[in-house]
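**Student:** Sending over a structure as C-alpha cells; questions will come in a sec.
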Amino acid sequence: MTTDDRRRRRPLVPTWLVDEHTQKQTVMALFFLYQSWKVYDLVYHHAEATPTTDVNAPGFVAKYAVVDTVFVMAVRLLSIDGLYLSWLQAVAAVAASISATWLLASSVHMPLVASVGALWRHLSHQGDLSIEGDTVRGEVVDYDAHFLGRLTINYLPDSSAKFNPFNLSSCFDTAKNPVKVPIEFNTTTTVGTFEIEHVGPDNVPRYTNYTGRRLKQLLNHDYTHLRSQPKFKDSERVTYVEVPVSKVGQYRLTRVWDHKLNPIRVYRGHFTISNCPYASYVYPAMSPYQCVGTQFEADGVELPLVEMVGVAPMTATVKISSENTPQKTVTIKSGAANHEANDKSWLAPVFAAQYPVSKDDGVDFAAILGSKHATKVGFHIMSIHDGLGHSQRYNPDYKGKDLWFEYELKRAPQFSLFDANADVELVTGGTKRLGVKVDPTPQSSEFPLSVTVLHQSLNQSRENHTYTFANAYELKQGITIGKPGIYKLASGLNKWCGADVDTQDAVNVTLAKPPTVDIVATPIKDVCLGTIGYNFGFELAGKAPFVVEYHVYRNQSGRLVPVGSEGGVHRLTTSSTHDKLEFRPERGGNYVVSFSSIKDSLHAPITLDGNLTYGTYFNQVSRAELTGPSVIHLCYNESTQVPIRFSGNGPYYVTYNIVNAATGSVVSRVTNATVDGDTHVVDVPRKLLRNTPKAKIFLEAAQDKFHCKADVDPQASVTVVARTDIPTLEFAEAKEYTIAEGTSVRIPLKWQSSTGPSKKDKVRFKLIDGANDPPKFIRQLQVSSMEALVAKEQGIYQLVSFENGGCSGRIVNNEQTVKVSFFPKPTVSIASPHEIERLNESVVLKSVCEDAFQPLELTFYGVPPFTLDYQLQLASGEVETRVQRILGHTEKIELPTNENGDYKLSITKVWDNNYKRGKSQVDTVDITAAYSVAGKPDVSFAESSLAVCENQVKRYAGHLLPINLVGVPPFTVEAVLTHQATGVQVPLHFNDVVGGFLELPPSQLTDSLTLGTHTVEIKSIRGANGCFRDSFASPQSVTYTINVTPVPSMVKASDRYHFCVGDHVAYNLTGTAPFTLDYTFAGKQRQASSEHHFRRLASEAGILSMTRLQDSSPNQCAVEFVGDEQKLLELEVHEIPSVKVQKGDYIVEDIHEGEYTELRFSFQGEPPFSLTYIRTTVATRSGVPPTVLETIEVDDIWEREYVVKASLEGTYEATRIADKYCVAVRSHQ
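Everything in the sequence shown is counted per full-length UniProt numbering, starting at 1 for the first residue and increasing by one.
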C-alpha cells in the first residue's frame, strides 16, 4: 500500500481518542483470546464426549464460521494500519479459518486433539467441582474484580522540552534513509506546536513547524523502542516524539508551545549529521601477479588506490594477509580537522585516494613468498572513520572487489639439463632421452613448460631446439635426441614466468659401437663313428648381454628340412664376451649350421657377414633298452615274454641275463644273440618259473653292425613274479541257520592262498529254494575278505567258483551246501468280553460314560516279550501313535474315556523276541476296535448374581435363575441356598429340568432371603442316560449370588442455610458408593456422582435443593426427597458484594493545590454496607510500591451510592466491602 493510500484511509476510531498502536494491540489480543476459546470449546467437548454423544462437527463449524466472518469483516472495517485487509485477503482469511475449524472438529481430528482431550480429562479432576458440575481450579472468586475504579489527584508542575535527550549520533547511509531524532516533553499539558532549525553546509538556516494534524501524527506513533535508552524517563508526564531528518547539517529545537499557546522552556541542544564515510578500491591497468626470481625487485609491485569519502580527517584500516607470514594491519590517513562553530561547510563530503601500502609500512614481498611456488597476498579494507566519530566496519568475510584485492606472487622456476643414463651411449640410428629438472617441482597450474636447448655437434656446428611439456608426464619423459654432441639449456619458462637457467651446465652424448663376434668351429670325433658334432667358440665385443642367432637344417633327399620347433631357428644368449656351444645331433645324417645375426643390449640384431655356415655328415650312436611293464604277475604254471627295442645301425648283437631275485644268482644267460630287426623277445618258460618264482631280466651289452658298443642302461630291469599254488575255497561246515526276516547271518568260509586276500577277489554262489528246485539265482560277489559269506534270504546256498588275486581258484567240495530259514512271524487277536459286534479282525465295543472303565483284551502268538504298535483315534479327531511292551501272551489294555465321542484303536504291527522292533521285518496287520463314550451332563448359571433391595424382596417370588445345560434331558439337579453371614443352608431339589431355568420356590424366597448376601450352589446333575456329575471345573460357574441391600440416606454436613459464592457446601451419604444425586440449583435440574461425602464449591448464587438419591448396590436402590425432608436438605448461596469508585473508571484529575473534587462510591449487594477505602501516593514506573497515606472506614450504609469530597494529592481506592451476608477484601491489602 502506498503512502497516498494510507493517507486517504483513516482508522474508524479517531487516533486522538485511541492511538493506532493501542488499537492494533487490542485487536490482536481479542483475536488470540477468541482462538483460545475456540480450542478450549473443542477440547472440552471431545474430552466429555462418549461413544454415543460425539462432537457435532457441522454445528460446531457453522457456529464458528459465522463468528470468524464477523471478526474478519470488523477488522477490515476498523482500517488499522498493518491489519487492514483487501476484499481478496479477507475472503482468503475466512476460508482458511473455516478449513482449520473443520479439520479440528471432524471425526479425523488429529491425534493431537485426542491427546489434548485426554490431558483435559486428567486435569479436569485436579480442581474443585462446583455445584453446576464444572471443574474450578484455584480461587473461584476474584475479589479484586469486586473493586472497580480509582481516583488519582495530581498537582500540576512546570513543563520543559529537550532536543536529542539521549545524545544520539548517526549518519546517512548510501540509501539516504531518513534518521529519526527524539524530543523529550516533560509537561502535564498537551503540546500544541514546536519549531526545528536546520543549518546545512551552505550555512543557510531553514525552519520546520510541527502543528495540528502533523503534530498529532507524531504524538500517535509507537515509541516503546526508546525504553532501551539509559536516560529514558518512565513517567506519565514525560512524552517522547521522533522527528525525521534527511539532509546533512546541524539541527536544534528553537521554540515549543502547549495547546493553550503557553511557551514551554527549551533546553539547549543540537544534532549534527553527515553522510556515512566509506572506502573502496580504484583499479588502474595492472597485472594480477608478479614473478619472483633471482632478479626480483620488490619496488616493481603495482597496487590499486584506496578511495575514501567522508568528513575530514578520515582514517582507513587495511589488513594484509598471506599464506606464509602473519597478518599485518596498516592505517591510511587523509585530511585535517577544521570544524568551526559558525561555518558548517566542513560537513560536505571530502574525496581522497591513496595507496594501501607505502615504503614506510615495511611489507617484504620476497619474505612473504618464501620457498613456495606461489602465494597470494590479500589487501582487505576493514574499516573507515571520519572526523565526526562515525565509523564504517566491513564484513571480514566479504570478498568483493570494492573492498578486497588479492595480489599473487609466483616463484620463477630454475631449469637444468641432465642425463639419467650417462653410461648408456647413443646408438647409431637410435634415440636417447635427456631429463629436464625443474626446481621447485611444478604444479599442474604452471604447465605448459618450454625449454630451448643448444646442440653443438661433433663438427662444432650449433643449432637450437625448443621443447614444450604440456603436463608432468611429458616433463618426466624429458627430451629425445638422435645425434651425439654437447647439449646446453639456452632458456626456459612456465605458464606464468621466465625461468632461471644454468647456461654453463652441459651434457656430452657419445655414439656407441655395434657388436661383433668371431666364431671358431672344432669337430667332435668318435673312434667308431667319426664326426658326431661340433664345438663352437665365440669371441664377442659390445654391450652385454649378447644374443647370437643361428639356423639348423637336415638334408633329406637333397631338401634342407629345419630342425627345431621355430623353423630351425636357435639362439645363444650370454652375458660373457667368451662362450661356447656344443652341437651334437641325436640322429645321424647330413646337417647344416648357419649363424645369421648378433645383437647386444644397445643395438637391434645385426646381420653377420662372411662364411659362417658349417655342414657335414654325422653318424648316430646305436641304443638298446627293455620295454613293457617293469613288473609282470603270472598265475600258477604260466610263461611270458619280455621285449627288447633297438635303434641305430643294425643288425645288432645283444647279451642279457635272467637272475633269481631272491638269491641274485644268474639262472639263464644269452650271449651275442643276433637281432635283424628293431625288436627282440626274451622267453621266460614255465619250467624256469617253477624253480625261480621271482626272476629279473637285465641287459648286459649290445653292439651294432660296425661292432661298436651300443648305449645300454645296465640298471634297467623287468621283474617276473609267478604264483606257486592254486587257491581253494569251501564252507567251514555244513550247517542250518534260522534268522528273522530282514536280518542276515555270516556263513564262515575256509580258504587257502599263497598270496593272501586282495581287493579284487570274487566269489560266485547259487541259492536254491527247495532240494530239487532249480537255482533261484547265481550271484557273483566282490569281497574284501574270505572269512564269511553274508546271507539275507532263506534257502540253500552252494559255492560255484571264485578268483583270488586275478587267478581262478578251486571249490574243494562242489556238493557242500548250507541252509538258511526264517523264524515264524508273531501275530495278535482280540478276545474282549465287551464286544457287541465283530467283522473279521475288527470289533465294536459297548458304549460307556465319560471317565468309565473300558478294557480291551488281546492274545499274542510268538516268542515273548512282544512289542505292539497301534494308533488311537481320539474323540477330538486327533490320532496318537503308541508303542506298548507286553511280557506274556495275553494283555488287557485300558482304553481312554476322558472325553465324550467316538474312539478307534488300530493295531498296525506286532514284534516278538525273534523279530525285534527296528532290527527285523514283520508284516503289517489290520485289526481295529471301535467304541463310543457318552459325555457327562453339565450345568452352569448363565448369570452370576441378582441384586434385590430390602423392600422389594417379595417382588422376586418365583424368580427364574437362567442356566446352561449339556447332556440328555430330562435332568435332575440338586442345589443348596446359603446365607453367607449366618451360614444357614436350605436344600433345593429340581426334577425333570428340560428348559434353561431353575425356578426358586416362592416360600423359600420370602422366608430365607433376608438382608445380606445369599448363594445358590448346584451340587450335582444326572441325565436321562444315567450319566452323573458331582464335580465341576469352575465352582463360580455353578454358584449364583443374591444380594439383599438397604436403601441409601443423606444429611447436611453443616446446619447453615446461608452461604457465599466461594464457600464449600457438603452432605454425608450412607449406602453403597458411588451415589447418584439429583438436585436443582438456580432453577436448573442437575445430576452428580459422589462417594460418601458430597462436597461442592459454590461458584454462583442460587438455592440448592436435593430431589433424589441412588446408591451403587447391585439393584441400585434409590430414595425420593419431598416435603419437610427436602426442606431440611436445602441451602442458599449469595453473591459477593461489589464497590465501584467513580463508576468503575480509573480517573486522573490534575488540580491545583487548594481545589477539591468528588469521590463517588457505588455498591452492589444486600444493605446495609460497610466500606473501607485508602489514599496512597501516586504509583511511578520505578517499581517502588505506593505508600498508604490514610485509611477511612464507613459503616451502616443503607443507600447504594456514597459521595465524599477529596482535595489531597494521591490515589483513592476501596479495599473492603461487606453487605448483609458476605464480605470482600482486596488481595493486595
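Note that beta-carbon positions come from the ideal geometry of N, C-alpha and C, so glycine has one too.
Quick check on F802: does DSSP put it in helix, strand or coil?
**Tutor:** Reduced to three states, the DSSP call for F802 is strand.
**Student:** Expressed to the nearest angstrom, what Euclidean distance is found between the alpha-carbon atoms of D926 and I768?
**Tutor:** Computed Cα separation, rounded: 33 Å.
**Student:** Could you give the distance in angstroms between the alpha-carbon of L946 and the alpha-carbon of L960?
**Tutor:** Each residue's Cα considered, the two are about 11 Å apart.
**Student:** Does the stretch 569 to 583 come within contact of the stretch 531 to 549, defined as at least 3 CB pairs closer than 8 Å?
**Tutor:** Yes, the stretch 569 to 583 is in contact with the stretch 531 to 549.
**Student:** Could you compute how far the alpha carbon of P643 sits from the alpha carbon of E700?
**Tutor:** If you take the alpha carbons of P643 and E700, they lie about 15 Å apart.
**Student:** Mind checking who R1056 pairs with in its DSSP beta bridge?
**Tutor:** In DSSP, R1056 forms no bridge with anything.
**Student:** Measure the Cβ-Cβ separation of F415 and V451 and say whether it is below 8 Å.
**Tutor:** Going by C-beta atoms, F415 is nearer than 8 Å to V451.
**Student:** Can you tell me the Cβ-Cβ gap for V933 and N900, rounded? I've got them flagged as a contact below 8 Å.
**Tutor:** Contact flag correct, Cβ pair sits at about 5 Å.
**Student:** Does the distance from the CB of F990 to the CB of L998 come in under 8 Å?
**Tutor:** Yes, these two residues count as a Cβ contact at 8 Å.
**Student:** First and last residue of the alpha helix (DSSP H) that includes Q101?
**Tutor:** Per the sequence presented here, residue 101 reads as Thr, with Gln not at that position. W87 to A105 is the span of the alpha helix (DSSP H), which, as asked, contains T101.
**Student:** In the DSSP assignment, the beta strand (DSSP E) including E857 goes from what residue to what residue?
**Tutor:** First-last of the beta strand (DSSP E) with E857: P855 to Y861.
**Student:** Could you check if K24 belongs to the surroundings of the ligand HEM, using beta carbon to heavy atom distance under 7 Å?
**Tutor:** Absence of the ligand HEM is noted for the structure shown, with no ligands found whatsoever.
**Student:** Where E1125 and V1141 are concerned, what is the direct C-alpha to C-alpha distance, given to the nearest angstrom?
**Tutor:** Each residue's alpha carbon lies about 46 Å from the other.
**Student:** By DSSP's criteria, E894 is part of a beta bridge. Which residues make up the other side?
**Tutor:** DSSP lists P855 as partners of E894.
**Student:** For S115, which of helix, strand or coil comes out of DSSP?
**Tutor:** Residue confidence is low: S115 scores 49 on pLDDT, short of 50, so the model does not pin down where it sits. Its coordinate-derived value is still stated next. Helix at S115.
**Student:** Express the C-alpha separation of M308 and T1177 in angstroms, rounding to a whole number.
**Tutor:** Taking the straight line from one Cα to the other gives about 59 Å.
**Student:** Grab me the residues of residue 1239's own chain with a C-beta within less than 6 Å of its C-beta, minus the 5 sequence neighbours each way, in chain order.
**Tutor:** With the chain running from 1 to 1229 in the structure shown, residue 1239 is simply not present.
**Student:** Check whether the Cβ atoms of K892 and E841 sit closer than 8 Å, and answer yes or no.
**Tutor:** In this structure, E841 does not lie closer than 8 Å to K892 by Cβ.
**Student:** So who's on the other strand from W404, going by DSSP bridges?
**Tutor:** H380.
**Student:** For P93 and D1078, I'd like the C-alpha separation in whole angstroms.
**Tutor:** A quick correction: the sequence has Ala, not Pro, at residue 93. Their Cα atoms are separated by approximately 46 Å.
**Student:** Please identify the residue among E730, E566 and C528 whose C-alpha is closest to the C-alpha of C708.
**Tutor:** With distances taken between Cα atoms, C708 lies closest to C528.
**Student:** First and last residue of the beta strand (DSSP E) that includes E184?
**Tutor:** Here the beta strand (DSSP E) through E184 covers V179 to N186.
**Student:** Short of 6 Å in beta carbon distance, which residues of its chain neighbour L895, apart from the five on each side in sequence? Order them along the chain.
**Tutor:** Here the set comprises Q854 and L856.
**Student:** Can you check whether the CB of L493 is closer than 8 Å to the CB of D502?
**Tutor:** The answer is no: Cβ separation not under 8 Å.
**Student:** Using C-beta distances below 6 Å, list every residue in its chain close to S321, excluding the 5 sequence neighbours before and after it, in chain order.
**Tutor:** So the list reads Q327 and G378, once near-sequence residues are dropped.
**Student:** Hey, out of K735, C849 and R137, whose CA is closest to G795's CA?
**Tutor:** Ranking K735, C849 and R137 by Cα distance to G795 puts K735 first.
**Student:** Under a three-way DSSP split, which group does T3 fall into?
**Tutor:** With a pLDDT of only 44 at T3, under 50, the local geometry of the prediction cannot be trusted, and no value is derived from it.
**Student:** Between the Cα of R623 and the Cα atoms of A506, V654, S630 and C635, which residue gives the shortest distance?
**Tutor:** The shortest Cα separation from R623 among A506, V654, S630 and C635 belongs to V654.
**Student:** Alpha carbons only, please: which of E950, V1051 and S246 is nearest the one belonging to D173?
**Tutor:** Ranking the options by Cα distance to D173, first place goes to S246.
**Student:** Could you tell me the boundaries of the beta strand (DSSP E) in which Y467 lies?
**Tutor:** Unbroken beta strand (DSSP E) run through Y467: R462 to F469.
**Student:** Here's the rule I'm using: 16 or more other beta-carbon atoms within 10 Å means buried, otherwise exposed. How should residue 1230 be labelled?
**Tutor:** Since the first residue shown for the chain is 1 and the last is 1229, residue 1230 is missing from the structure and cannot be characterised.
**Student:** Three-state secondary structure (DSSP) at Y1156?
**Tutor:** Reduced to three states, the DSSP call for Y1156 is coil.
**Student:** Starting from R214 and walking both ways along the alpha helix (DSSP H), at which residues does that stretch end?
**Tutor:** G212 to L219 is the extent of the alpha helix (DSSP H) around R214.
**Student:** Does the contact criterion of 3 or more C-beta pairs under 8 Å hold for the stretch 702 to 719 versus the stretch 736 to 747?
**Tutor:** No: fewer than three Cβ pairs fall under 8 Å.
**Student:** Can you check which of these residues, S847, T827 and V828, is closest to H834 by C-alpha distance?
**Tutor:** Among S847, T827 and V828, the Cα nearest to that of H834 belongs to S847.
**Student:** Let me know the secondary structure DSSP gives P1001 once reduced to three states.
**Tutor:** P1001 falls in the coil class under three-state DSSP.
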